[in-house]
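Q: Structure in structure tokens, see below.
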Amino acid sequence: MDPVYFDNAATTPVDKEVLETMLPYFNSQFGNADAAHQIGRNCKVAVEDAREKVAKLLNAEPSEIIFTSGGTESDNAAIKGVFSALGPAGKTEIITSPIEHHAVTHPAEALKRQGAKIIYLKPNSDGVITAQQVKDAITDKTAIVSLMHVNNEIGSINPIKEIADVCKEAGVPFHSDTVQSIGKIPVDVKEIGLNMLSISAHKLYGPKGIGILYVKNGTPWIPWLQGGSQERRRRGGTSNVPGVVGLAKAMELSIENMDSNTGKFRKLRSSLLEGLKDKFPNQFVINGPENEGVPHILNIGFKSNTDQGLDGEMLLLNLDIEGICVSNGSACTSGATEPSHVLLEVAKNEALANSSIRISFGKQNNAEEVAFFLDKLEGVLDRMLKVAS
Ligand SMILES: Cc1ncc(COP(=O)(O)O)c(C=O)c1O
């Protein structure tokens with residue numbers, strides 16, 4: 060039996076249709092999209108068609124779409140690129156939050172060496188930042204506000220339209236990491252009114268190593284990755300043609316099927332929560348929002364009789380032995396011994412942060428897998444609690 064895969068916020072399997080769309084661009088249409096000959100020109104057409112398609116899906120202009128290597132590059136390019144443009148003019152403050160992905164907080168911290176001051180807005184216990192907090196934090200030195208749309212660990216949703224309104228009024232560029240929201244909740248760049256956003260294909264049944272940085276025309280920004288003249292001189296590097304084509308198809312399918320997938324995730328989440336309440340009453344807490352977040356991410360911490368709490372890493376390994384894949388914190392920090400920076404902010408205490416796991420659904424999951432998970436979790440927790448007491 061294949062493992063039950065409940066780690067779709069970390070990555071997703073490539074959709075069959077996406078893979079089929081990509082395959083010709085690995086061999087028969089293998090050209091360099093900047094080459095003048097026909098094989099190159101065919102690839103250029105494929106890249107530009109994909110650009111038009113994704114622009115339409117986001118309600119952006121094709122000239123505002125820059126293909127990158129994924130969410131991490133897009134986040135780095137957004138923050139460092141705006142800081143390079145505005146820092147020298149004295150705009151040296153970066154407003155963000157402590158529960159952003161490290162692809163945002165680490166480049167921001169790195170900019171301290173160039174004189175940046177980082178202002179971290181504290182999320183509420185559900186992991187949400189308000190537009191008022193942003194308004195209160197903006198000064199005439201603010202270079203950029205970067206706040207994510209959906210949190211990858213706890214599924215909370217920031218009010219990015221309200222935040223964009225505040226930033227627009229203050230004349231401050233607003234970047235949002237929408238890696239976990241594209242294909243899950245509607246994102247229309249004109250309606251929201253933000254300056255920049257980041258997308259990663261592998262979170263929406265597309266390939267790894269490809270993403271988008273949307274940069275609204277007129278945003279003060281200096282290209283971060285210099286090289287060849289690709290992407291209108293805004294991101295050097297030979298175009299990843301199969302990746303770009305796959306990304307566009309993956310975005311199209313995810314947005315087309317968003318409502319039915321969301322309905323499915325809601326059902327899976329509520330049957331999982333019902334099962335947890337039934338089998339483990341008063342023994343777990345939900346980290347982040349119970350109802351107001353995205354339905355495909357659920358983060359739960361287990362209580363134990365000891366001060367240290369239950370060992371989340373051991374829980375994950377025991378579930379893995381039983382054929383279930385979940386994560387504790389974000390995959391990028393797994394293996395590190397310290398608890399997730401997000402859970403340290405929003406969990407009730409450090410012991411609960413340590414004893415938490417994230418379950419994230421994908422469109423391939425079903426009700427039988429939830430029942431299997433609940434059954435195996437009961438045995439694993441029973442053993443672990445006996446050992447811990
Ligand atoms: C919210 C968020 N931002 C950025 C990233 C990084 O994206 P990528 O893996 O494409 O570099 C991730 C991936 O875990 C994410 O969840």
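Each residue of the sequence shown is one higher than the one before, counting from 60 in our numbering.
Even glycine gets a Cβ: it sits at the ideal position worked out from N, Cα and C.
#1: Of the residues HIS261, GLY277, ALA169 and GLN239, which one's Cα is nearest the Cα of GLY230?
#2: Look up GLY438 in the DSSP assignment and say whether it is helix, strand or coil.
#3: Would you list, in sequence order, the uninterrupted alpha helix (DSSP H) runs of no fewer than 4 residues that lie entirely inside the region 152-239?
#4: Closest to VAL204 by C-alpha separation, out of VAL246, PRO301 and PHE142, would be which residue?
#5: Could you tell me if LYS139 is buried or exposed, where buried requires 16 or more neighbouring beta carbons within 10 angstroms of its beta carbon?
#6: For the putative contact between GLY302 and ILE269, defined by C-beta atoms under 8 angstroms, what is the C-beta separation to the nearest angstrom?
#7: Quick one: grab the DSSP three-state call for TYR264.
#8: Do THR80 and GLY57 count as a contact pair if the criterion is CB distance below 9 angstroms?
#9: Under 8 angstroms from any heavy atom of ligand 1, does the C-beta of MET207 make it?
#10: Exposed or buried, VAL63, counting other C-beta atoms within 10 Å across all chains shown (16 or more means buried)?
#11: Does the beta-carbon of ASN211, which I'm using as the reference point, lie nearer than 8 angstroms to any heavy atom of ligand 1?
#12: Leaving out five residues before and five after ALA196 in sequence, what residues of the same chain have Cβ atoms less than 7 angstroms from its Cβ?
#13: Does the beta-carbon distance from GLU228 to GLY347 come in below 9 angstroms?
#14: Along the chain, where does the beta strand (DSSP E) containing VAL462 start, and where does it finish?
#15: Tell me whether ALA68, by its Cβ, gets closer than 8 angstroms to a heavy atom of ligand 1.
#16: Taking DSSP's pairing of strands, which residues face ILE258 in a bridge?
A: Let me lay it out:
#1: Of the candidates HIS261, GLY277, ALA169 and GLN239, the residue whose Cα lies closest to the Cα of GLY230 is GLY277.
#2: Reduced to three states, the DSSP call for GLY438 is helix.
#3: 161-169, 190-196 and 219-229
#4: PHE142
#5: buried
#6: 3 angstroms
#7: coil
#8: Any answer about residue 57 is impossible in this case: the structure gives the chain only from 60 up to 448.
#9: yes
#10: buried
#11: yes
#12: ILE154, ILE178 and LEU180
#13: no
#14: Only positions 60 to 448 of the chain appear in the structure, and residue 462 is not among them; the question remains open.
#15: yes
#16: ILE271
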